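Before any comments, here is the structure.
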Amino acid sequence: MLAIYKRELKSYFQSMIGCVFVAFLVAFTGIYFMAYNLNAGYPYFSYTLSGSLIVFLVGIPLITMKSFSEERKNKTDQLLLTAPVGLGRVVLGKYLAMVSVLAVPNIIFCIFPLIIKLQGTAYLKVDYISIGVFFLLGCVYIAIGMFLSSLTESQIIAFITTFGVLLVLYLWDGILSFMPGSAISGVIGLIILLLIVAAYIQQMTGNWVLSGGIGLIGAAALIVTYILKSSLFENILTKVLGNLALANIFTDITSKSIVDVSGIVLYLSVIAVFIFLTVQAIQKRRWS
Amino acid sequence: MIEVKNLVKKYGNHLAIDHLTFKIEKGKIYGFLGPNGAGKSTTMNIMTGYLGATEGEVLINGHDILKEPEEAKKHIGYLPEMPPLYTEMTVQEYLDFAAELKKIPNNKRESSVEEVLKLAKLMDVRERLIRNLSKGYRQRVGLAQAVLGFPDIIILDEPTVGLDPKQIIEIRELIRNLAKKHTVILSSHILAEVREVCDYIMIIAKGKLVASDTPENLEHLMDGSESVEIEAKAAPSKIREILRPVTEISTVKTEEHADGTTTAVIETKQHQDIREKIFFAFAGAGCPLTMLKTNRASLEEIFLELTQGESAVPEITGDVEDMLSEDEKEDETDAGDL
Numbered sequence: 001m002l003a004i005y006k007r008e009l010k011s012y013f014q015s016m017i018g019c020v021f022v023a024f025l026v027a028f029t030g031i032y033f034m035a036y037n038l039n040a041g042y043p044y045f046s047y048t049l050s051g052s053l054i055v056f057l058v059g060i061p062l063i064t065m066k067s068f069s070e071e072r073k074n075k076t077d078q079l080l081l082t083a084p085v086g087l088g089r090v091v092l093g094k095y096l097a098m099v100s101v102l103a104v105p106n107i108i109f110c111i112f113p114l115i116i117k118l119q120g121t122a123y124l125k126v127d128y129i130s131i132g133v134f135f136l137l138g139c140v141y142i143a144i145g146m147f148l149s150s151l152t153e154s155q156i157i158a159f160i161t162t163f164g165v166l167l168v169l170y171l172w173d174g175i176l177s178f179m180p181g182s183a184i185s186g187v188i189g190l191i192i193l194l195l196i197v198a199a200y201i202q203q204m205t206g207n208w209v210l211s212g213g214i215g216l217i218g219a220a221a222l223i224v225t226y227i228l229k230s231s232l233f234e235n236i237l238t239k240v241l242g243n244l245a246l247a248n249i250f251t252d253i254t255s256k257s258i259v260d261v262s263g264i265v266l267y268l269s270v271i272a273v274f275i276f277l278t279v280q281a282i283q284k285r286r287w288s
Numbered sequence: 001m002i003e004v005k006n007l008v009k010k011y012g013n014h015l016a017i018d019h020l021t022f023k024i025e026k027g028k029i030y031g032f033l034g035p036n037g038a039g040k041s042t043t044m045n046i047m048t049g050y051l052g053a054t055e056g057e058v059l060i061n062g063h064d065i066l067k068e069p070e071e072a073k074k075h076i077g078y079l080p081e082m083p084p085l086y087t088e089m090t091v092q093e094y095l096d097f098a099a100e101l102k103k104i105p106n107n108k109r110e111s112s113v114e115e116v117l118k119l120a121k122l123m124d125v126r127e128r129l130i131r132n133l134s135k136g137y138r139q140r141v142g143l144a145q146a147v148l149g150f151p152d153i154i155i156l157d158e159p160t161v162g163l164d165p166k167q168i169i170e171i172r173e174l175i176r177n178l179a180k181k182h183t184v185i186l187s188s189h190i191l192a193e194v195r196e197v198c199d200y201i202m203i204i205a206k207g208k209l210v211a212s213d214t215p216e217n218l219e220h221l222m223d224g225s226e227s228v229e230i231e232a233k234a235a236p237s238k239i240r241e242i243l244r245p246v247t248e249i250s251t252v253k254t255e256e257h258a259d260g261t262t263t264a265v266i267e268t269k270q271h272q273d274i275r276e277k278i279f280f281a282f283a284g285a286g287c288p289l290t291m292l293k294t295n296r297a298s299l300e301e302i303f304l305e306l307t308q309g310e311s312a313v314p315e316i317t318g319d320v321e322d323m324l325s326e327d328e329k330e331d332e333t334d335a336g337d338l
């Protein structure tokens with residue numbers, strides 16, 4: 001794992017992608033920093049950081065796009081998969097290398113609150129927590145991007161799908177306001193979500209009993225609950241899908257100085273889920 | 001060493017490997033021979049754990065490649081069809097990375113990289129980027145990677161593709177040297193190469209093992225179809241006249257040349273050496289014989305015979321002779337032009 005990690009990290013900074021990513025993120029944040037904190041005199045660096053969130057939409061796909069698709073295209077995955085290293089470790093090695101690339105600009109950001117402090121009052125606690133959560137949110141996006149890269153052989157497709165998914169997540173709050181609130185639409189929406197999950201399980205495992213079972217039992221349970229207590233389903237779509245607005249946990253900190261610990265647990269779970277899915281996607285390809 | 005049992009690989013509805021079973025023993029060079037798309041690379045990919053099999057199992061030194069992958073993979077060095085090279089690294093960096101990946105202990109890493117660099121004759125390009133190397137050198141870097149750490153089993157998928165003749169000879173020499181301590185499995189569609197290098201040949205066609213034996217034994221498989229070729233200074237009709245008294249002959253094919261000589265290919269009814277009789281027949285007729293030789297079935301012919309046979313390809317070695325004799329009968333009826 002260490003070998004893969006070191007090689008990947010080196011390759012990011014040899015192939016310019018890592019440098020471009022760091023430069024891009026730091027330059028963009030620098031401009032915001034100058035405008036908000038230095039010119040306008042606003043003492044919170046966290047606010048500046050929330051402006052930089054949009055850079056992730058392009059920056060993260062840039063570093064994740066080649067992670068697995070390039071290996072597959074150049075057939076270098078044959079070296080990794082025939083070496084005496086577990087697949088989980090291969091994925092983890094690559095993931096940690098990308099996280100390390102992301103860590104570089106975040107470490108640079110740690111200087112900015114100190115610059116504010118030099119000029120007067122600074123809110124260091126909020127600023128450093130927001131830098132940490134900003135970094136963690138980036139890690140979530142990297143896990144998503146890595147998973148999408150493991151599905152394709154083309155870096156371009158990996159880039160565009162990751163960009164698309166991140167854009168939808170970014171705009172999620174706006175999209176969510178169109179969701180119907182009645183109980184019946186809530187139960188239908190949940191059944192649709194359940195079917196999507198069952199279809200994915202079917203596609204990955206090819207096991208009709210398992211996926212059919214999950215689909216049917218889940219749907220039956222939902223319908224029974226709906227008949228017994230329909231009020232439970234009011235506005236449920238907004239509640240359930242609202243969790244997908246991952247950036248909200250970060251913006252809560254930057255705009256309201258509220259740290260949601262369950263949100264951080266959610267981040268860590270999403271990271272774990274996508275690392276798991278990446279391993280499964282690669283396993284699946286070996287068997288098809 | 002390696003046991004492959006009842007291996008099946010399906011790509012959708014296409015059957016790439018069809019119940020393949022064989023055993024590989026220590027210290028020999030094995031050759032996989034087969035036309036393109038016969039399933040050679042797929043078999044190797046499954047043996048090295050890159051692909052999963054639809055059915056069947058592969059045991060490497062007693063370790064199942066799917067159940068104990070890390071243990072099994074430690075015994076294998078693999079050079080795939082396309083060398084898995086990171087082109088943005090230098091040769092030295094790449095081999096250092098491969099050594100670490102293969103879990104070669106820290107204190108031995110440097111010396112083992114050094115050793116394979118010498119072995120694959122890469123010393124003078126060690127600091128160059130792989131991107132800037134020619135195909136032959138890349139192949140050698142791939143080979144160095146496979147040999148790195150000297151695993152028990154070295155699997156090479158078409159190791160000499162893209163090399164110049166001198167390099168091919170060097171690589172063959174290298175493979176022979178490796179076989180003194182290791183088991184080497186290589187695949188190829190070049191017959192001459194396999195015959196020259198390998199101790200044991202496995203011919204694969206359409207995902208099935210159609211023959212497996214030593215090169216010599218494989219050539220003996222076709223003993224029945226030996227023929228005698230002669231050249232004489234006479235017209236075809238004269239030659240047929242002379243040969244008529246030799247009763248063992250079944251067919252004669254003649255070809256006349258512009259310089260007044262004729263070549264004839266003579267086939268016998270049974271396995272008989274009729275060279276003497278032919279010689280005396282021509283001597284008696286006072287017709288000068290300028291050439292007389294027996295034609296042995298070459299490995300090429302066996303290969304074509306085995307791999308181009310229609311769907312009735314037999315599964316195991318024992319059936320091969322039966323199939324050959326059937327085909328022979330067909331040939332005879334086609335070729336009867338006396």
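Line by line, the protein sequences give chains A and B. Mapping to full-length UniProt numbering: the first sequence position 242 is 242, numbers consecutive. Mapping to full-length UniProt numbering: the second sequence position 171 is 171, numbers consecutive. Every residue gets a Cβ at the ideal spot worked out from N, C-alpha and C, and that includes glycine. Remember, it's a predicted structure, so these values are computed and weren't measured experimentally.
Boundaries (first-last residue) of the beta strand (DSSP E) holding residue i
i	result
GLY56 (chain B)	55-60
LEU79 (chain B)	76-79
LEU292 (chain B)	289-295
ALA202 (chain B)	According to the sequence provided, residue 202 (chain B) is Met. The question's Ala does not apply to it. Where MET202 (chain B) is concerned, the enclosing beta strand (DSSP E) stretches over 200-205.
ALA211 (chain B)	208-213
VAL161 (chain B)	First-last for VAL161 (chain B): undefined, no H or E at that position.
ASP173 (chain A)	That residue, ASP173 (chain A), is in no beta strand (DSSP E); its alpha helix (DSSP H) goes 172-176.
ALA232 (chain B)	227-232
LEU118 (chain A)	Taken as a continuous stretch (DSSP letters only), LEU118 (chain A) belongs to no beta strand (DSSP E), being part of the alpha helix (DSSP H) at 111-119.
GLU68 (chain B)	No beta strand (DSSP E) holds GLU68 (chain B); DSSP gives it neither H nor E.
LEU51 (chain B)	Neither: LEU51 (chain B) is in no beta strand (DSSP E) and is coded neither H nor E.
Through-space distance from residue j to residue i, alpha-carbon basis
i	j	result
ALA198 (chain A)	GLY86 (chain A)	28 Å
THR87 (chain B)	SER15 (chain A)	11 Å
GLY263 (chain A)	TYR141 (chain A)	15 Å
GLN202 (chain A)	GLU216 (chain B)	52 Å
MET146 (chain A)	ILE63 (chain A)	9 Å
ALA258 (chain B)	GLU219 (chain B)	34 Å
VAL265 (chain A)	GLU70 (chain B)	33 Å
GLY186 (chain A)	PRO105 (chain A)	42 Å
CYS198 (chain B)	TYR95 (chain A)	43 Å
ALA3 (chain A)	LEU80 (chain A)	11 Å
ASP173 (chain A)	TYR32 (chain A)	23 Å
GLU315 (chain B)	LEU209 (chain B)	Note that GLU315 (chain B) scores 42 on pLDDT, short of 50, meaning its location in the model is unreliable; the coordinates nonetheless yield the value given after this. Rounded to whole angstroms, GLU315 (chain B) to LEU209 (chain B) spans 6 Å at the Cα level.
VAL313 (chain B)	ASN132 (chain B)	Only weak support exists for where VAL313 (chain B) lies, its pLDDT of 41 falling under 50; the value from the coordinates is given anyway. For VAL313 (chain B) and ASN132 (chain B), the distance between alpha carbons rounds to 46 Å.
SER288 (chain A)	ALA264 (chain B)	55 Å
VAL252 (chain B)	SER227 (chain B)	10 Å
ASN39 (chain A)	PHE97 (chain B)	49 Å
THR48 (chain B)	GLY88 (chain A)	18 Å
ILE46 (chain B)	GLY93 (chain A)	24 Å
TYR170 (chain A)	PRO61 (chain A)	14 Å
First and last residue of the uninterrupted alpha helix (DSSP H) at residue i
i	result
MET146 (chain A)	124-150
ILE271 (chain A)	261-287
ALA264 (chain B)	Run containing ALA264 (chain B): none in the alpha helix (DSSP H); it sits in the beta strand (DSSP E), 262-268.
ILE191 (chain A)	183-205
THR251 (chain A)	247-251
VAL147 (chain B)	135-147
Proximity to residue i [Cα-Cα], best of the options
i	options	result
ILE153 (chain B)	B:ASN217, B:LYS5 and B:ILE185	B:ILE185
VAL116 (chain B)	B:SER134, B:TYR94 and B:ASN132	B:TYR94
GLY30 (chain A)	A:PRO43, A:THR48, A:ILE236 and A:MET204	A:THR48
ILE144 (chain A)	A:LEU246, A:ILE253, A:SER52 and A:ILE17	A:LEU246
PRO66 (chain A)	A:CYS19, A:THR254 and A:GLU153	Just to set this straight, residue 66 (chain A) is Lys in the shown sequence, not Pro. Taking only the C-alpha atoms, the option nearest LYS66 (chain A) is A:GLU153.
ILE203 (chain B)	B:LEU304, B:ASN295 and B:ARG275	B:LEU304
VAL125 (chain B)	B:ILE155, B:SER111, B:MET89 and B:SER112	B:MET89
LYS74 (chain B)	B:GLU196, B:GLU81, B:ILE60 and B:GLU55	B:ILE60
GLY142 (chain B)	B:SER187, B:LEU163, B:MET82 and B:LYS108	B:MET82
Near the ligand COA: residue i beta-carbon under 7 Å from a heavy atom
i	result
PRO288 (chain B)	What this structure holds is no ligand at all, so the ligand COA is not there to describe.
Does the contact criterion of 3 or more C-beta pairs under 8 Å hold for the segment 176-183 of chain B versus the segment 16-29 of chain B? Touching, per the Cβ criterion.
Inside the segment 11-49 of chain B only - alpha helix (DSSP H) runs reaching at least 4 residues: Runs of the alpha helix (DSSP H) inside the segment 11-49 of chain B: 40-47.
Which residue spans inside the segment 52-106 of chain A form an unbroken alpha helix (DSSP H) run of at least 4? Counting whole runs of 4 or more residues, the segment 52-106 of chain A contains the alpha helix (DSSP H) stretches 69-74 and 77-81.
Unbroken alpha helix (DSSP H) runs of length 4 or more, entirely within the segment 214-244 of chain A: which are they? Note on the segment 214-244 of chain A: whole alpha helix (DSSP H) runs with a minimum of 4 residues are 236-242, in chain order.
Can you find at least 3 beta carbon pairs, one from the segment 11-21 of chain B and one from the segment 157-171 of chain B, that sit closer than 8 Å? Inter-segment contact for the segment 11-21 of chain B and the segment 157-171 of chain B is absent: fewer than three beta-carbon pairs are separated by less than 8 Å.
Does the pairing of the segment 137-157 of chain B with the segment 101-109 of chain B give three or more beta-carbon distances under 8 Å? Contact between the segment 137-157 of chain B and the segment 101-109 of chain B is established, with three or more Cβ pairs separated by less than 8 Å.
Alpha helix (DSSP H) runs wholly inside the segment 87-113 of chain B, at least 4 long, in chain order: You should have 91-101.
At least 3 beta-carbon pairs within less than 8 Å: the segment 237-252 of chain A vs the segment 210-229 of chain A: The segment 210-229 of chain A and the segment 237-252 of chain A do not touch, with fewer than three beta-carbon pairs separated by less than 8 Å.
Is it the case that the segment 240-247 of chain B contacts the segment 281-289 of chain B, given that we only count it when at least three CB pairs across the two stretches are under 8 Å? Yes, the segment 281-289 of chain B touches the segment 240-247 of chain B.
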